[in-house]
Structures are given as C-alpha cells and as structure tokens.
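J.: 1 is the number of the first residue of the sequence shown in the UniProt record's numbering; add one for each residue after it.
Sharing a structure here in structure tokens format.
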Amino acid sequence: MTTSNALPASAPALSVRDLRKTYAGGVEALKGISLDVAPGDFFALLGPNGAGKSTLIGIISSLVNKTSGDVDIFGVDIAARRDAAMRLLGLVPQEINFNLFEKPYDILVNYAGFYGIPRAEAAQRAEAELRNARLWDKAQVMSRTLSGGMKRRLMIARAMMTRPKLLILDEPTAGVDIEIRRDMWRTLREINAAGTTIILTTHYLEEAESLCRNLAIIDHGRIVQQGPMRALLAQLDVEGFLLDIDGDVPAAMPLIDGVTITAADAHTLDVDMPRAMDLNRVFAALDTAGVRVRSMRTKSNRLEELFVRMTARDPSAA
Ligand SMILES: Nc1ncnc2c1ncn2[C@@H]1O[C@H](COP(=O)(O)OP(=O)(O)O)[C@@H](O)[C@H]1O
Ligand SMILES: [Mg+2]
C-alpha cells in the first residue's frame, strides 16, 4: 500500500449492507446479507453447498455484479472506488488456476507485473512470499511437479504478492485430504498473525473451528447465525427437550446447575441442558419437586440440522 491511500482508521476490514443478488435466470442467491469483519480478524463464512458463499465472495471481489446493497473494504466503497478497493484485496479461488507449465517464481513475478508492481520490487516480494509459503526451494521447478499442498500454498503466495490487507479464500480446502488442509491452515495462521485480515468460506465446521475467531453462517442466501466461534460451539453443546407432565407446571422450577427449565405451556416443560449431562439428574430433580413426566420429545435444533446438511457428502465431489 502507498501512503496516499489513507484509510479511515476505524473502518471494518469488510462491511456488507443488505446485499442482494438475483441471477439472470431468476435464482435469488443472496437475499439481503449484512455483516462486518473487524481488521485483523480471521473470519469464517460457513454454509452448505448452494448457500451463496461464492456469490458473496464474487461480489466482494468485483467478479460478480450485485443486484443491490453496499460493500466497503476498509471503508472504501467497491462500487464508487473499485480500483482502490481491489488494491486492498487478495483472492484465492477454489480451483488451481495458475499455468502448470510455469515456474512458481515466474508465476509470482508475472502476477505482480499485472498489478503494476515494478520488476525489482516484484523479485523481492516473490522471494519473500515463496519463503513464507515454504516453496523457495521449488521456485525454479515446473509448477506441474508440485504436490497438491504445495500448489495450494502457491495460490496463497500469489495472492499475497500485492500485499493485501484483506485476504479472501473461497473453499480453499474443499475435497483435499486432511494433511493438505492442515498444511494450509498453518500457512493461513501465519499470514493472519502477521496482520492480514482473512475471510474464508468453508462447509467444514471443523475448519472454521480450528482457524476462525468469528463467523457467519449462510444458508439459502441469508445469514442465519453470526458471532464468535466460541458462542456457536456453546450453543451446539446444548441439547433441548420438551417434557409433557402430569398436571400443571410447578410454580417454582427445580434448580439444576447448567440446566434451564421453563414452561412451554401449562403442561409442558422446556429443558435445555449440556449435551454431556446425564438426563437422569434432570428427572431426579423433577421427581423431588413432585413433577411426573409422561413423555418427552427432542427439540429440533435448526443449527444442528444445518450442520448435518453442511457435512453431508457433496454429491458433486469426485
Ligand atoms: N452464474 C450463475 N447463474 C445462475 N445461478 C447461479 C450462478 N452462480 C450460482 N448460482 C446459484 O446461486 C446459488 C448460490 O450459489 P453459490 O454462491 O455458488 O453457493 P455456494 O458457494 O455457497 O455453494 C445456487 O443456487 C446456485 O445454483
Ligand atoms: Mg462456492
């Protein structure tokens, strides 16, 4: 970044306001998305296939036209000041899209040239980024001969050549084996630790859990959940039941540590308890309070259903 490109000090790394996208065929891929990503954050955009993740990333990176809404990158409106906004952004697409018959060093230097970075500066950056990506010893081999993990690290190194303040990765690890994924996670953690804000789309909860501090969950073009990773995991750790009881609900609910009991209606109790807790503790406490349980049902958990769909095997994957 040059100093002439002064950024508002307090601006979020990414601000999206009521973003909508209807494709030409009529598919409403985004139905009003709003989210903020803080500078320095490692943010996951989690969602099942077809949720709208790539559409959102496409609009943020100016590859897809929005229908309506606003996107700012570090306070720079991508519609009003597209070039300035794009200079702040690095994008790693899902598919490997460099020339396999070029050498990593040349791929990086040529990419920088495309962005107007002078040759001498590009050469310095290429060495630095190849070292960061643990690829310096492969700088002069044909890219085709790199392992899958190395190819993916090269994609990241290339995006880092423009020194983006915000790095966006669209499902960087979809369909790759766990060793390659872990290897990429390490690289991404290092980049984030060095100060680059990262946004990652994924349909692996495990990946978001391992890497990200904050997340938004997107489903059918809408954000269904947003906040710290910790809070989401805590929510998934709670199990809910509805208990039908004989007679009326007691005036004072039994108190059990970690358990929330409320009246759903005059004859039904709504119980939320930690997944690991023994249900018998709840029954014993209710029994002591003189409450007789006739039957019980599991409350359906939208979040859990969503994760089941997310982690279901992708039928389009090879
Ligand atoms: N170029 C396009 N034209 C029409 N529909 C599209 C296009 N790209 C994506 N879609 C549709 O928009 C929805 C969201 O897709 P996408 O953003 O790719 O989701 P994700 O990346 O979460 O899998 C899907 O229903 C998809 O079929
Ligand atoms: Mg996608």
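Note that beta-carbon positions come from the ideal geometry of N, C-alpha and C, so glycine has one too.
Computed from a predicted model, the values in this text were never measured in an experiment.
Count the other C-beta atoms from every protein chain shown that fall within 10 angstroms of the C-beta of Pro-274, then say buried if there are 16 or more, exposed otherwise.
T.: Translated into the one-based positions of the sequence shown, residue 274 becomes position 274. Exposed is the call here.
J.: Which partner residues does Thr-201 have in the DSSP bridge list?
T.: The residue labelled residue 201 in the question sits at position 201 within the sequence shown. The partner list for Thr-201 (beta bridge, DSSP) reads Leu-45 and Asp-170.
J.: Report back the beta-carbon spacing between Thr-197 and Asp-41 to the nearest angstrom; my notes put them in contact at under 8 Å.
T.: Reading the sequence shown from its first residue, position 197 is the one you call residue 197. Reading the sequence shown from its first residue, position 41 is the one you call residue 41. Between Asp-41 and Thr-197 the Cβ distance is about 6 Å, and since that is below 8 Å, they are a contact.
J.: For Asp-219 and Met-184, what's the separation of their Cα atoms in angstroms?
T.: As a working mapping, residue 219 is identified with position 219 in the sequence shown. As a working mapping, residue 184 is identified with position 184 in the sequence shown. Computed Cα separation, rounded: 26 Å.
J.: Pick out every residue whose C-beta is nearer than 6 Å to a heavy atom of ligand 1: which are they, in chain order?
T.: Tyr-23, Gly-25, Val-27, Ala-29, Gly-47, Asn-49, Gly-50, Ala-51, Gly-52, Lys-53, Ser-54 and Thr-55
J.: From this set, Gly-116, Ala-263, Thr-201 and Met-142, which residue's C-alpha is nearest Ile-57's C-alpha?
T.: As a first step, residue 57 is located in the sequence shown; it is residue number 57 there, counting from the start. Here the closest residue by C-alpha is Thr-201.
J.: Can the beta-carbon of Ala-133 be found closer than 7 Å to that of Val-109?
T.: Within the sequence shown, residue 133 is the residue found at index 133, counting from 1. Within the sequence shown, residue 109 is the residue found at index 109, counting from 1. Going by C-beta atoms, Ala-133 is not nearer than 7 Å to Val-109.
J.: What whole-angstrom Cβ distance do Met-160 and Glu-207 have, given they're in contact under 8 Å?
T.: Sequence index remark: in the sequence shown, residue 160 carries index 160 (1-based). Sequence index remark: in the sequence shown, residue 207 carries index 207 (1-based). Between Met-160 and Glu-207, the beta carbon gap of about 20 Å keeps them out of contact (Cβ cut-off 8 Å).
J.: Since Pro-104 is in the alpha helix (DSSP H), which residue starts that stretch and which ends it?
T.: One-based indexing of the sequence shown puts residue 104 at position 104. Counting along the chain, the alpha helix (DSSP H) containing Pro-104 begins and ends at 104–114.
J.: Pull up the DSSP beta-bridge partners for Met-273, would you.
T.: Working through the sequence shown from its first residue, we reach residue 273 at position 273. Partner(s): Glu-239.
J.: Using the three-state DSSP reduction, which class does Phe-307 fall into: helix, strand or coil?
T.: In the sequence shown, residue 307 corresponds to position 307, counting from 1. Here Phe-307 sits in helix by DSSP.
J.: Let me make sure I understand the geometry here. Which of Leu-167, Gln-235 and Asp-248 has the alpha-carbon closest to that of Asp-265?
T.: Reading the sequence shown from its first residue, position 265 is the one you call residue 265. Checked all of Leu-167, Gln-235 and Asp-248; the closest Cα to Asp-265 is Asp-248.
J.: By DSSP, does Arg-292 sit in helix, in strand, or in coil?
T.: Taking the first residue of the sequence shown as position 1, residue 292 is located at position 292. Looking at Arg-292 - three-state DSSP - the assignment turns out to be coil, as it is neither helix nor strand.
J.: Do the segment 67–81 and the segment 106–121 touch if we need at least three Cβ pairs shorter than 8 Å?
T.: no
J.: By Cβ distance below 6 Å, which residues in the same chain neighbour Ser-54 in space, the five residues on each side in sequence not counted?
T.: Along the sequence shown, one-based indexing puts residue 54 at 54. Asp-170.
J.: Using 8 Å for Cβ pairs, my map puts Thr-173 next to Arg-186. What's the rounded Cβ distance?
T.: Start at 1 with the first residue of the sequence shown, and residue 173 comes out as number 173. Start at 1 with the first residue of the sequence shown, and residue 186 comes out as number 186. That belief does not hold up - the Cβ atoms of Thr-173 and Arg-186 are roughly 12 Å apart, past 8 Å.
J.: Based on the DSSP secondary-structure assignment, which residues constitute the bridge partners of Gly-227?
T.: Here residue 227 refers to the residue found at position 227 of the sequence shown. Answer is Leu-215.
J.: Could you say which of Gly-69, Leu-243 and Pro-39 lies nearest to Pro-164 if we only look at CA atoms?
T.: In the sequence shown, residue 164 corresponds to position 164, counting from 1. Selected option, being the one with the closest Cα: Pro-39.
J.: For Phe-43 versus Ile-199, is the C-beta distance shorter than 7 Å?
T.: Counting from 1 along the sequence shown, the entry for residue 43 is found at position 43. Counting from 1 along the sequence shown, the entry for residue 199 is found at position 199. In contact: Phe-43 and Ile-199 (Cβ atoms closer than 7 Å).
J.: Which of the three DSSP states is assigned to Val-282 in this structure?
T.: Your numbering for residue 282 matches position 282 in the sequence shown. Val-282 falls in the helix class under three-state DSSP.
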